[in-house]
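S.K.:
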Amino acid sequence: MSTLLTEGFDPAKITNATVFGNLTNYYILNYWPAAQYENPGHIPGAMQYTPKESLKLSVDLKTLPTNKPIAVYCYTGQTSAHLAAYLRLLGYDAKSILYGTNGMIYDNMVTTGGMTVFNDTQIMGYDFVTGK
Numbered sequence: 003m004s005t006l007l008t009e010g011f012d013p014a015k016i017t018n019a020t021v022f023g024n025l026t027n028y029y030i031l032n033y034w035p036a037a038q039y040e041n042p043g044h045i046p047g048a049m050q051y052t053p054k055e056s057l058k059l060s061v062d063l064k065t066l067p068t069n070k071p072i073a074v075y076c077y078t079g080q081t082s083a084h085l086a087a088y089l090r091l092l093g094y095d096a097k098s099i100l101y102g103t104n105g106m107i108y109d110n111m112v113t114t115g116g117m118t119v120f121n122d123t124q125i126m127g128y129d130f131v132t133g134k
């Protein structure tokens, strides 16, 4: 835990451009319901895990590789950041794709509906404060 806190978020984040630059370098973890994995679709080669159901110790964690980085994405990047931290605590080299699919297919997400989206006007850039 102390290592995770000392490192901060930098080692646990990755851009979608980096992932798309060489998809085979990553185990890509899609953290959406199955219906949305099919429509609007997913990153090529991504494996679907269902939020609040998947990644339990007894089953799904055993499907994750230990020999390559895991790129996790959700709609906005918030849930995938939490999931990447959880997986890093367990020893996996997990990284959250910044801004999730919101940073990749925003217009499609707005048109399709049913998914969390945000735009630049909603990004506040608040400082992270410790010790208070």
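Following our numbering, the numbering of the sequence shown begins with 3 at its first residue and continues without gaps. Built from N, CA and C at the ideal position, the CB exists for glycine as well.
1) If contact is defined by three or more beta carbon pairs under 8 Å, each pair taking one atom from either stretch, is the segment 91-102 in contact with the segment 7-18?
2) Fully enclosed by the segment 29-56, which beta strand (DSSP E) runs are 3 residues long or longer?
3) Which term fits Thr60, buried or exposed, when burial requires 16 or more other beta carbons within 10 angstroms of its beta carbon?
4) Apart from the five residues just before and just after Tyr128, which ones in its own chain have a Cβ nearer than 8 Å to its Cβ?
5) Sort Asp62, Tyr29, Thr52, Thr5 by Cα distance to Pro46 and report the nearest one.
6) Here's the rule I'm using: 16 or more other beta-carbon atoms within 10 Å means buried, otherwise exposed. How should Asn24 be labelled?
7) List the DSSP bridge partners of Lys2.
8) Under a Cβ-count criterion, where at least 16 other Cβ atoms within 10 Å of its own Cβ denotes burial, should Thr81 be classed as buried or exposed?
9) If Tyr33 and Leu85 are in contact, beta carbons under 8 Å, what's the gap, nearest whole angstrom?
10) On the three-state DSSP scale, how would you describe Lys15?
11) Under 8 Å by Cβ, that's how I've got Gly79 and Gly102 pegged, so tell me the actual separation to the nearest angstrom.
12) Locate the alpha helix (DSSP H) running through Leu91, then write down its first and last residues.
13) Do Gln50 and Ala73 have their CB atoms nearer than 7 Å?
M.R.: Answer, in terms of the structure:
1) yes
2) 29-32
3) Looking at the sequence itself, residue 60 is Ser, so the reference to Thr does not match. So Ser60 ends up on the exposed side.
4) none
5) Tyr29
6) exposed
7) Here the chain has residues from 3 to 134 only, and residue 2 is not among them.
8) buried
9) 6 Å
10) strand
11) 4 Å
12) 80-91
13) no
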